[in-house]
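Colleague:
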Amino acid sequence: MMTVELDPSVLTGADLFDVLDAQDRAEVLRVGVVRRLPQGKRIFAQGDPGITCHSLLEGRVKIVQTRPDGAQSVIRFIGPGEMYGTVAALMDMPFPADSVAVLDSLEIYWPVKVMRELMTRFPQVAIRSAASAGHRLFELQNRVGELSGERVEQRIAHALVRLVRQAGRRTDEGIEIDFPITRQELAEMAGSTLHTVSRTLASWDDRGITASSRRHIVVRKLHVLLDMADHGAS
Numbered sequence: 212m213m214t215v216e217l218d219p220s221v222l223t224g225a226d227l228f229d230v231l232d233a234q235d236r237a238e239v240l241r242v243g244v245v246r247r248l249p250q251g252k253r254i255f256a257q258g259d260p261g262i263t264c265h266s267l268l269e270g271r272v273k274i275v276q277t278r279p280d281g282a283q284s285v286i287r288f289i290g291p292g293e294m295y296g297t298v299a300a301l302m303d304m305p306f307p308a309d310s311v312a313v314l315d316s317l318e319i320y321w322p323v324k325v326m327r328e329l330m331t332r333f334p335q336v337a338i339r340s341a342a343s344a345g346h347r348l349f350e351l352q353n354r355v356g357e358l359s360g361e362r363v364e365q366r367i368a369h370a371l372v373r374l375v376r377q378a379g380r381r382t383d384e385g386i387e388i389d390f391p392i393t394r395q396e397l398a399e400m401a402g403s404t405l406h407t408v409s410r411t412l413a414s415w416d417d418r419g420i421t422a423s424s425r426r427h428i429v430v431r432k433l434h435v436l437l438d439m440a441d442h443g444a445s
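Going from the sequence shown to this note's numbering is simple: count from 1 and add 211.
1) Quick check: what's the CA-CA separation for Leu436 versus Pro307?
2) State yes or no: is the C-beta of Val323 within less than 7 Å of the C-beta of Ile262?
3) Tell me whether Thr214 sits in a helix, a strand or coil according to DSSP, three-state version.
4) When we look at the beta-carbon of Val430 and count the other beta-carbons within 10 Å, is it buried (16 or more) or exposed?
5) Whole angstroms is fine: what's the gap from Pro391's alpha carbon to Asp303's?
6) Does the Cβ of Phe228 have 16 or more other Cβ atoms within 10 Å, making it buried, or fewer, making it exposed?
7) Determine, using beta-carbon pairs with one atom in the segment 235 to 252 and one in the segment 275 to 294, whether at least three such pairs fall under 8 Å.
8) Within 10 angstroms of its Cβ, does Arg287 collect 16 or more other Cβ (buried), or is it exposed?
9) Please name the residue or residues paired with Ser423 in a DSSP beta bridge.
10) According to DSSP, is Phe228 part of a helix, a strand, or is it coil?
11) When DSSP builds the beta bridges, which residues end up paired with Leu267?
12) Identify whether Thr411 lies in helix, strand or coil by the three-state DSSP scheme.
13) Here's a check: name, in chain order, each residue in its chain whose Cβ is nearer than 6 Å to the Cβ of Ile388, leaving out the five neighbours to either side.
14) Terminal residues of the continuous beta strand (DSSP E) containing Lys273?
15) Roughly how many angstroms lie between the CA atoms of Leu222 and Val336, to the nearest whole one?
16) Among the candidates Ala398, Thr297, Leu412 and Leu314, whose CA atom is the shortest distance from the CA of Leu342?
17) By a C-beta neighbour count over all protein chains shown, 10 Å radius and 16 as the cutoff for buried, is Thr309 buried or exposed?
18) Measure the alpha-carbon distance for Asn353 versus Arg381 and round it to whole angstroms.
19) Going along the chain, which unbroken runs of the beta strand (DSSP E) with 3 or more residues stay wholly within the segment 330 to 381?
20) Helix or strand or just coil, what does DSSP make of Gln283?
21) Rank Ile420, Asp383, Leu371 and Gly419 by C-alpha distance to the C-alpha of Ala398 and give the top, closest one.
22) Is Arg236 helix, strand or coil when you go by DSSP?
23) Compute the Euclidean distance between the alpha carbons of Met294 and Glu318, then round it to the nearest angstrom.
24) With 16 as the cutoff for other CB atoms within 10 Å, does Val285 come out buried or exposed?
25) Got a sec, what are the start and stop residues for the beta strand (DSSP E) Arg246 sits in?
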């Protein structure tokens, strides 16, 4: 049963459902469960059975994986319209990471059995799901390449460029990452340390490339950041 009443238009920009017409989106919404997620809410935990498929409607969610040594890695941030947890659920696998609401958020989720029925009824949804999974795979392959072959400053630049593309908002100051992000989270994304990220951002702040505080980052000179990401220039 839905806990929040919504218009089917909320699925217009969703990864999997924007190919459907209004009537079909209404059916997708009807069989899902909509719920509010307070900031800090853990939606599912690493190792939990993958029995639900999730789509974010509002807010931000981070996907965080804990390694055997106890260290954590931020895998990615999920924005409105993006699916998460779906691949594990469709493969009958445990969730490979935690999902945590970064802001007060709103999501819709479906039991995996219901999602399979939707994919059978609407083949476009299954095609979009495969394409989305492929896109995430290529992104992870690129990140592995970055971790193995780039200097740390270049990896930090790449991580910031990804955040700009996912969550950049133009302001008078520059391009603002539109949700709170800590330097530790950026370090986890870049395969670096808190000390190195703090030192690097301080240097970039001094040069006017970025403007950062404890949980806030603005990119002031995107062209310089792109050059560092592409060529390792510092």
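We treat Cβ as the ideally placed atom computed from N, Cα and C, and that holds for glycine.
Modeller: On the basis of the coordinates in this document:
1) Here residue 436 corresponds to residue number 225 of the sequence shown, with the count starting at 1. Here residue 307 corresponds to residue number 96 of the sequence shown, with the count starting at 1. Rounded to the nearest angstrom, the two C-alpha atoms are 31 Å apart.
2) To locate residue 323, count along the sequence shown from 1; it is residue 112. To locate residue 262, count along the sequence shown from 1; it is residue 51. Contact: yes.
3) Indexing the sequence shown from 1 puts residue 214 at position 3. Confidence in Thr214 is poor, its pLDDT being 49 and thus under 50, which makes the residue's placement too unreliable to answer from.
4) Residue 430 sits at position 219 when you count from the first residue of the sequence shown. It is buried - the Cβ of Val430 has at least 16 other Cβ atoms within 10 Å.
5) Against the sequence shown, residue 391 aligns to sequence position 180. Against the sequence shown, residue 303 aligns to sequence position 92. If you take the alpha carbons of Pro391 and Asp303, they lie about 33 Å apart.
6) Against the sequence shown, residue 228 aligns to sequence position 17. By the Cβ-count criterion, Phe228 is buried, with 16 or more other Cβ atoms from all chains shown falling within 10 Å of its own Cβ.
7) no
8) One-based indexing of the sequence shown puts residue 287 at position 76. Per the 10 Å Cβ criterion, buried.
9) As a working note, residue 423 is residue 212 in the sequence shown. Paired residue(s): Ile428.
10) To locate residue 228, count along the sequence shown from 1; it is residue 17. If DSSP states are grouped into helix, strand and coil, Phe228 belongs with coil.
11) The residue given as residue 267 occupies position 56 in the sequence shown. Note: Leu267 sits in a beta bridge opposite Glu318.
12) Residue numbering aside, residue 411 sits at position 200 when the sequence shown is read from its first letter. Judged by DSSP in its simplified three-state form, Thr411 adopts helix.
13) For this step, residue 388 is matched to residue 177 along the sequence shown. For Ile388, where only same-chain residues beyond five positions count, the Cβ hits under 6 Å are Leu374, Ala378 and Ile428.
14) The count along the sequence shown starts at 1 and reaches residue 273 at position 62. It spans Val272 to Thr277 - the beta strand (DSSP E) in which Lys273 sits, taken as one unbroken run.
15) Along the sequence shown, read from residue 1 onward, the residue named residue 222 stands at position 11. Along the sequence shown, read from residue 1 onward, the residue named residue 336 stands at position 125. Cα to Cα, the separation comes out at about 12 Å.
16) Position 131 of the sequence shown, counted from the first residue, corresponds to residue 342. Note on identity: in this sequence residue 342 is Ala, with Leu being the wrong assignment. Looking only at Ala398, Thr297, Leu412 and Leu314, the smallest Cα-Cα distance to Ala342 is reached by Thr297.
17) Taking the sequence shown and counting its residues from 1, the one referred to as residue 309 is at position 98. Residue identity check: residue 309 is Asp in the sequence provided, not Thr. Classification for Asp309: buried.
18) Start at 1 with the first residue of the sequence shown, and residue 353 comes out as number 142. Start at 1 with the first residue of the sequence shown, and residue 381 comes out as number 170. Distance from the CA of Asn353 to the CA of Arg381, rounded to the nearest whole angstrom, comes to 26 Å.
19) 379 to 381
20) Mapped onto the sequence shown, residue 283 falls at position 72. Correct three-state label for Gln283: strand.
21) The residue labelled residue 398 in the question sits at position 187 within the sequence shown. Ranking the options by Cα distance to Ala398, first place goes to Leu371.
22) For the purposes of this step, residue 236 is identified with residue 25 of the sequence shown, where counting begins at 1. Helix.
23) Reading the sequence shown from its first residue, position 83 is the one you call residue 294. Reading the sequence shown from its first residue, position 107 is the one you call residue 318. Going from the Cα of Met294 to the Cα of Glu318 covers about 10 Å.
24) Position 74 of the sequence shown, counted from the first residue, corresponds to residue 285. Buried, since its Cβ has 16 or more Cβ neighbours within 10 Å.
25) In the sequence shown, counting from the first residue as 1, residue 246 sits at position 35. Residues Val244 to Leu248.
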